[in-house]
Structure formats: C-alpha cells, structure tokens
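Per our numbering, the sequence shown starts with residue 72, numbered consecutively. Glycine residues also receive a C-beta, built at the ideal position from the N, C-alpha and C atoms. See structure below.
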Amino acid sequence: MSLFWRIFLLNAAVLTVAVTLLLFGPVTVSTPVLFTEVVILTAGLAAMLLANAVLLRIGLAPLQRLTRAMATIDLLRPGPRPAVTGHAGIADLIRTFNAMLDRLEAERAASTARALSAQEGERRRIAQELHDEVGQTLTAVILELKRVADRAPEPLRGELHQVQETTRDGLDEIRRIARRLRPGVLEELGLVSALRSLATEISQHSGAAVRQHFEGDLTGLDDQVELVVYRVAQEAMTNTARHAGATRLDITLRRTAGGTELRVADNGKGLGAAPEGAGIRGMRERALLVGATLTLGPSREGGTEVRLCLPAADGSRRP
Numbered sequence: 072m073s074l075f076w077r078i079f080l081l082n083a084a085v086l087t088v089a090v091t092l093l094l095f096g097p098v099t100v101s102t103p104v105l106f107t108e109v110v111i112l113t114a115g116l117a118a119m120l121l122a123n124a125v126l127l128r129i130g131l132a133p134l135q136r137l138t139r140a141m142a143t144i145d146l147l148r149p150g151p152r153p154a155v156t157g158h159a160g161i162a163d164l165i166r167t168f169n170a171m172l173d174r175l176e177a178e179r180a181a182s183t184a185r186a187l188s189a190q191e192g193e194r195r196r197i198a199q200e201l202h203d204e205v206g207q208t209l210t211a212v213i214l215e216l217k218r219v220a221d222r223a224p225e226p227l228r229g230e231l232h233q234v235q236e237t238t239r240d241g242l243d244e245i246r247r248i249a250r251r252l253r254p255g256v257l258e259e260l261g262l263v264s265a266l267r268s269l270a271t272e273i274s275q276h277s278g279a280a281v282r283q284h285f286e287g288d289l290t291g292l293d294d295q296v297e298l299v300v301y302r303v304a305q306e307a308m309t310n311t312a313r314h315a316g317a318t319r320l321d322i323t324l325r326r327t328a329g330g331t332e333l334r335v336a337d338n339g340k341g342l343g344a345a346p347e348g349a350g351i352r353g354m355r356e357r358a359l360l361v362g363a364t365l366t367l368g369p370s371r372e373g374g375t376e377v378r379l380c381l382p383a384a385d386g387s388r389r390p
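As structure tokens, this is what we get:
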C-alpha cells in the first residue's frame with residue numbers, strides 16, 4: 072500500500088469513528104449550543120486530532136529517520152546505512168536511497184583512484200624534471216661559480232663563494248622537494264625506511280623532536296597501500312610542522328589483530344574549530360581508496376592525533 076493510501080485510510084478511519092459517534096451516540100447539538108455540548112465536542116475533536124497525530128507519527132517515523140540520514144551523510148566518512156523499515160513506499164524509498172549511496176561511493180572511489188593515479192604520475196614527472204633539468208643546471212652554475220671565484224681577486228672571491236653557497240642551498244632545497252614529490256626511498260628500500268627518512272627530514276626542518284615506533288612484521292603490504300600510508304603520514308607530519316607549533320611528534324606503525332595501524336600524534340595546539348582543509352580531505356580520500364578508516368582527534372599529549380587503520384583483508388597481504 073502506498074504512502075498516500077495509508078494516510079488517506081488513517082484519516083478516513085478517524086473521521087468514520089467520529090461520524091458514527093455523532094449519529095448513534097446520545098450527543099446532540101442544540102440551538103443555541105449548550106456548554107456541555109461544547110465540552111463534549113471539543114473533547115471529541117481533541118481525541119481525533121491526538122489519534123491522527125499518533126498514527127501519522129508511527130507511520131512516518133522511518134521517513135524522519137531517513138531525512139536525518141540524508142542531512143548527515145558524508146561520502147568521505149562512510150557509516151551504516153539506514154535500516155529498511157516501514158511499509159510499501161517508505162521501505163522502497165529507503166532501499167533506493169541506500170542503493171544510491173552505494174553507487175555514489177563506488178563512483179567516487181573510482182574517480183578518486185583515477186585522480187590520485189594521475190596526481191602521482193604528475194608528481195613523478197615534475198620530480199624527474201627538477202632532478203634532471205633544474206638540478207643539473209644549478210650544479211653547472213655552482214661549478215662555474217667555483218671556477219670564477221678561484222680566479223677572481225680576493226675582495227670579490229668571498230662574495231662569489233657566498234653566491235655559490237646560496238646556490239648550493241637552493242639545489243639542496245630542490246632535491247628535497249623532488250624527494251617529497253617522488254619518494255624514491257619508498258620504492259627502493261620500503262615503507263619503514265621511507266618513514267624514517269621522512270621523520271628525519273621533518274625534524275630537521277621544523278626543529279621538533281620526532282619519536283619513531285615501528286612494531287611487528289611490516290613487510291608484505293601492497294604497493295598501493297604503502298603509498299597511501301606514506302602520503303597520509305607525510306601530510307599529517309607536514310601539517311604538524313606548519314601549523315601545530317609542536318615540539319614533539321610521535322609516529323607509530325604497527326601490526327594489529329585487525330590489520331595495520333598508523334598513528335601520528337603531536338603536542339601542538341590541536342585542531343580547534345578550524346574546518347577541514349584540502350589536505351585532510353585528501354587523506355580521507357586516500358584512506359577510502361584502500362578500504363581504511365581515518366580518524367582525527369585530540370592526542371594524549373594535548374595536540375592532534377591522526378590514526379589510519381587498514382584492515383588485514385584489504386590493507387595487507389601477509390607473506
């Protein structure tokens with residue numbers, strides 16, 4: 072039975088009962104109306120309205136739950152689907168909404184995978200050009216400056232050496248950017264070595280003390296999963312260095328009974344009321360790509376904690 076007919080029949084039943092009571096009951100309406108008749112009719116109207124409200128509340132309760140689910144749904148934070156309850160039209164509506172969510176999440180996962188794959192390809196291309204083109208050019212400039220400085224008079228030699236050191240610092244910065252764009256150590260030495268290198272770089276760049284904890288057998292992770300873990304750790308640690316004002320940062324990667332867990336926590340100023348930016352949304356999209364769960368919240372040290380939980384079935388393949 073459709074929603075229209077359910078509401079229509081509920082109202083028809085209430086009105087039928089009211090008319091039956093008026094026709095066959097002892098109540099009559101006088102002219103002018105007596106006070107007792109007003110009281111009886113008012114009580115009857117109140118009873119009809121109450122009965123109608125209760126019946127409609129019961130009948131439309133699943134629709135209200137669906138409305139709340141629609142208002143709070145977030146494709147970046149998948150949650151349980153609304154339970155299919157109610158009758159006829161309402162149950163069909165909930166089933167259709169759940170099917171729509173499944174389709175949207177699948178389409179978003181596919182588009183995210185394509186976008187992230189293109190992004191990683193572009194990062195590799197830029198890193199290669201920085202290393203091969205810009206890096207070699209600056210290396211040639213440094214060598215030429217050294218040759219000129221060695222043949223220059225003493226007052227000018229010191230200035231040329233200073234320019235040479237500034238150029239060398241620029242070359243080191245370009246190489247650092249290239250490593251962040253394309254983590255070659257991840258491909259060559261594995262995830263743990265890449266995270267250690269990242270932690271050392273963040274510590275040198277920000278001045279924060281970085282404590283590293285790598286527990287259990289962390290080999291056998293899928294290449295895509297390793298890249299997701301590395302990028303999430305990179306984004307979390309970069310956010311700490313740029314915005315948190317932290318003096319201590321902990322990075323933990325360990326095997327759990329349910330899979331693999333990454334935890335990045337600091338003692339900085341925390342998230343506060345700031346809205347999530349593109350970096351956090353990017354971490355959520357990467358987590359969904361491998362079926363992982365990403366949570367952000369306050370850490371035990373009073374700062375921010377980022378936790379990435381990868382299920383064993385999807386997040387790892389044990390050797």
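Under 8 Å between C-beta atoms of residue i and residue j
i: Arg246; j: Gly287; result: no
i: Ala304; j: Thr375; result: no
i: Arg378; j: Glu332; result: yes
i: Leu289; j: Leu324; result: yes
i: Ser183; j: Ile213; result: According to the sequence shown, residue 183 is Thr rather than Ser. In this structure, Ile213 does not lie closer than 8 Å to Thr183 by Cβ.
i: Pro151; j: Ile165; result: no
i: Leu172; j: Leu360; result: no
i: Leu201; j: Ala249; result: yes
i: Gly348; j: Pro369; result: no
i: Tyr301; j: Leu257; result: yes
i: Met119; j: Ala83; result: no
i: Arg352; j: Leu209; result: no
Sequence-distant residues of the same chain with beta carbon closer than 7 Å to residue i, five excluded per side
i: Ala383; result: Gly329 and Gly330
i: Val281; result: Ala270, Ile273, Ser274, Leu320 and Ile322
i: Asn169; result: Arg152 and Pro153
i: Arg267; result: Gln283
i: Leu381; result: Val296, Gly330, Thr331, Val361, Ala363 and Ser387
i: Pro149; result: Glu176
i: Val234; result: Leu216
i: Leu137; result: Pro153, Leu164, Ile165 and Phe168
i: Phe106; result: none
i: Leu86; result: none
Buried versus exposed call for residue i [16 or more other C-beta atoms within 10 Å across all chains shown]
i: Leu357; result: Correcting the residue type first, residue 357 is Arg in the shown sequence and not Leu. When all chains shown are included, Arg357 counts as buried.
i: Thr91; result: exposed
i: Ala317; result: buried
i: Asp243; result: exposed
i: Gly339; result: buried
i: Val29; result: Nothing in the structure corresponds to residue 29, since the chain is present only between 72 and 390.
i: Met141; result: exposed
i: Leu116; result: exposed
i: Asp145; result: exposed
i: Asp337; result: buried
i: Arg185; result: exposed
i: Leu365; result: buried
i: Arg77; result: buried
i: Asp385; result: The predicted model places Asp385 with a pLDDT of 44, which falls under 50 and marks its position as unreliable; any figure quoted below should be read in that light. Exposed.
Residues near residue i in its chain [Cβ-Cβ closer than 6 Å; skip 5 each side]
i: Ala220; result: Arg228, Leu231 and His232
i: Glu306; result: Gly350 and Met354
i: Leu367; result: Val377
i: Arg389; result: Only weak support is given to the placement of Arg389: the predicted model assigns it a pLDDT of 37, under 50, and the question is left unresolved by the model.
Residues near residue i by beta carbon distance below 8 Å, same chain, minus five either side
i: Leu81; result: Asn123, Leu126, Leu127 and Gly130
i: His276; result: Ala312
i: Ala162; result: Pro133, Val155 and Thr156
i: Val263; result: Phe285, Leu289 and Leu324
i: Glu191; result: Leu298
i: Phe95; result: none
i: Ala279; result: Ile273, Thr311, Ala312, Ala317, Thr318, Arg319, Leu320 and Asp337
i: Gly241; result: Leu209
i: Gly180; result: Going by the sequence as given, residue 180 is Ala instead of Gly. Excluding residues within five positions, the ones whose Cβ falls inside 8 Å are Leu359 and Leu360.
Residue i at chain B interface by Cβ criterion, 8 Å
i: Ser277; result: As a matter of chain content, chain B is missing from the structure shown, which is built from one protein chain.
**Asked** Using 8 Å as the threshold, is the stretch 191-204 in touch with the stretch 248-256, meaning 3 or more CB pairs across them?
**Response** Yes, the stretch 191-204 touches the stretch 248-256.
**Request:** May I have a chain-ordered list of the alpha helix (DSSP H) segments no shorter than 4 residues that lie completely inside the stretch 285-310?
**Result:** Counting whole runs of 4 or more residues, the stretch 285-310 contains the alpha helix (DSSP H) stretches 294-310.
**Request:** Just list the alpha helix (DSSP H) runs in the stretch 110-166, keeping only unbroken ones of 4 residues or longer that don't cross its boundaries, in chain order.
**Result:** If one requires a minimum length of 4 residues, no alpha helix (DSSP H) run lies completely within the stretch 110-166.
**Message:** Suppose only complete runs of 4+ residues qualify. What are the alpha helix (DSSP H) ranges in the stretch 198-224, listed by chain order?
**Reply:** Runs of the alpha helix (DSSP H) lying entirely within the stretch 198-224 and spanning at least 4 residues, in chain order: 206-222.
**Message:** My parser needs the alpha helix (DSSP H) runs of 4 or more residues fully inside the stretch 331-381; what are they?
**Reply:** Along the length of the stretch 331-381, whole alpha helix (DSSP H) runs at least 4 residues long occupy 349-360, reported in chain order.
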